[in-house]
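So the structure is just underneath, and the comments pick up after that.
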Amino acid sequence: MMRSRGGARMSHRGAPAREATPPTTWLRRARGRWWVWTAAAIAIVALAVAGVLSPVGTWIDTYRGWVESLGVWGVVVFGVLYVLATIALLPCAPLSIVAGLAYGVWAFPLVIASAMTGAALAFQIGRHLAQERVRAWARDHPRGAAVIDAVSAQGWKVVLLLRLSPLIPFNVQNYLFGITSIRFTHYAVATAIGILPGAALFISIGAFGHGADDDEGRLLNWILFGVGLAATALAAVLVSRTVMAKLRASAPRAEEKQGRPQPMQDGDRRCHQ
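For the sequence shown, my numbering begins at 6 and goes up steadily by one.
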């Protein structure tokens, strides 16, 4: 490695040497946004307390009565709406809260089953029907390209860590994972484990209203809420560091792949011979 008269580094062939790729801007921004997660946690606690203390009992009773009148069909309708929201990239946290409000702690298996169904369908859509569109999106977003590279290299471990981390929205992850080389079974197992803390947190928020008139039920809801909040906050802090380290290592490779010229096809080689 040599330096020119102006101080620029030169390769042994005399061409300017490529500088080391600095950490991507979005990673630096993610590290500096700890206050966002803190504010989100405070907002969640405030909403839960407001739901208990504010006079919303009439609304809750009306909603619960409507859900109970639907019977089994209420469960079916909720599941379909949740799956469609997952595929359509709509936020599902409000639906999880509504499920907790309607069914209490029994909403947990309903939300997990609905989320897993939506995640599985989005994964298959990304892999078989919308692969080119997802790849085009990833090429324009360094974060997405880094995720694809990291999952392709380390498989289910990165999937599990990303499910526990709020760095990338859950619904966006489903499509990104679909265009990686990960096996569907590994993806499904990692997803099922990774979504548990977040689901418990949002369901417990809604369950406060479900058990508002029952002191024992209210205590159980507070316990579930505390466990879900603690697990989610711990995952957001600890897991996010690990995820960012893995994505930071994958970002230069992803950027290099994006800027690397495509290999010539056989017909192109014959034309150049």
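By construction, the Cβ of each residue, glycine as well, lies at the ideal position given by its N, Cα and C atoms.
{"Asked": "Indicate the three-state DSSP secondary structure (helix, strand or coil) for glycine 76 in the structure shown.", "Found": "coil"}
{"Asked": "Less than 7 Å between C-beta atoms, sequence neighbours within five positions excluded: which residues of the same chain meet that for isoleucine 173?", "Found": "Arg148, Val152 and Leu167"}
{"Asked": "Tell me the DSSP secondary structure of glycine 211 in three-state form.", "Found": "helix"}
{"Asked": "Within 8 Å, do at least three Cβ pairs link the stretch 176 to 188 to the stretch 113 to 120?", "Found": "no"}
{"Asked": "Any chance the stretch 88 to 95 sits against the stretch 196 to 212, with 3 or more Cβ pairs inside 8 Å?", "Found": "no"}
{"Asked": "If we ignore side chains and look at the alpha-carbon of each, how far apart do threonine 43 and phenylalanine 213 end up?", "Found": "22 Å"}
{"Asked": "Where does isoleucine 200 fall in DSSP's three states?", "Found": "coil"}
{"Asked": "In angstroms, rounded to a whole number, what distance separates the CA positions of phenylalanine 83 and tryptophan 161?", "Found": "29 Å"}
{"Asked": "Using CA atoms only, rank isn't needed, just tell me which of Tyr108, Ile102, Ala125 and Ile210 is closest to glycine 183.", "Found": "Ala125"}
{"Asked": "DSSP state of threonine 91, grouped into three classes?", "Found": "helix"}
{"Asked": "Note down the Cα distance separating leucine 75 from leucine 206, rounded to an integer number of angstroms.", "Found": "26 Å"}
{"Asked": "Could you check if leucine 134 is buried or exposed, using at least 16 other CB atoms within 10 Å of its CB as the buried criterion?", "Found": "exposed"}
{"Asked": "For the stretch 104 to 154, list the alpha helix (DSSP H) runs that are entirely contained and at least 4 residues long, ordered along the chain.", "Found": "112 to 129 and 136 to 144"}
{"Asked": "Figure out for me which residue from Leu181, Ile210, Phe175 and Asp145 has the closest Cα to the Cα of glutamine 129.", "Found": "Leu181"}
{"Asked": "Measuring only from the beta carbon, is isoleucine 184 closer than 8 Å to any heavy atom that is part of the ligand COA?", "Found": "Ligands are entirely absent from the displayed structure, and the ligand COA is therefore not among its contents."}
{"Asked": "Out of Asp145, Gln178 and Gln136, which one is the CA nearest neighbour of alanine 292?", "Found": "Outside the displayed span of the chain (6 to 278) sits residue 292, for which this structure offers no information."}
{"Asked": "Under 7 Å Cβ to Cβ from tryptophan 142, same chain only, skipping five residues before and after it: list those, please.", "Found": "Gly149"}
{"Asked": "Taking buried to mean at least 16 other C-beta atoms within 10 Å of its own C-beta, is proline 99 buried or exposed?", "Found": "exposed"}
{"Asked": "What residues in its chain sit with their C-beta under 6 Å from that of threonine 67, if we drop five residues either side in the sequence?", "Found": "none"}
{"Asked": "Just to confirm the assignment, what range does the alpha helix (DSSP H) spanning glycine 183 have?", "Found": "175 to 183"}
{"Asked": "With a threshold of 16 other CB atoms inside 10 Å of the CB of proline 114, please say whether the residue is buried or exposed.", "Found": "exposed"}
{"Asked": "With DSSP run on the structure shown, which of helix, strand or coil describes proline 96?", "Found": "coil"}
{"Asked": "Reducing DSSP to helix, strand and coil, say where leucine 172 ends up.", "Found": "coil"}
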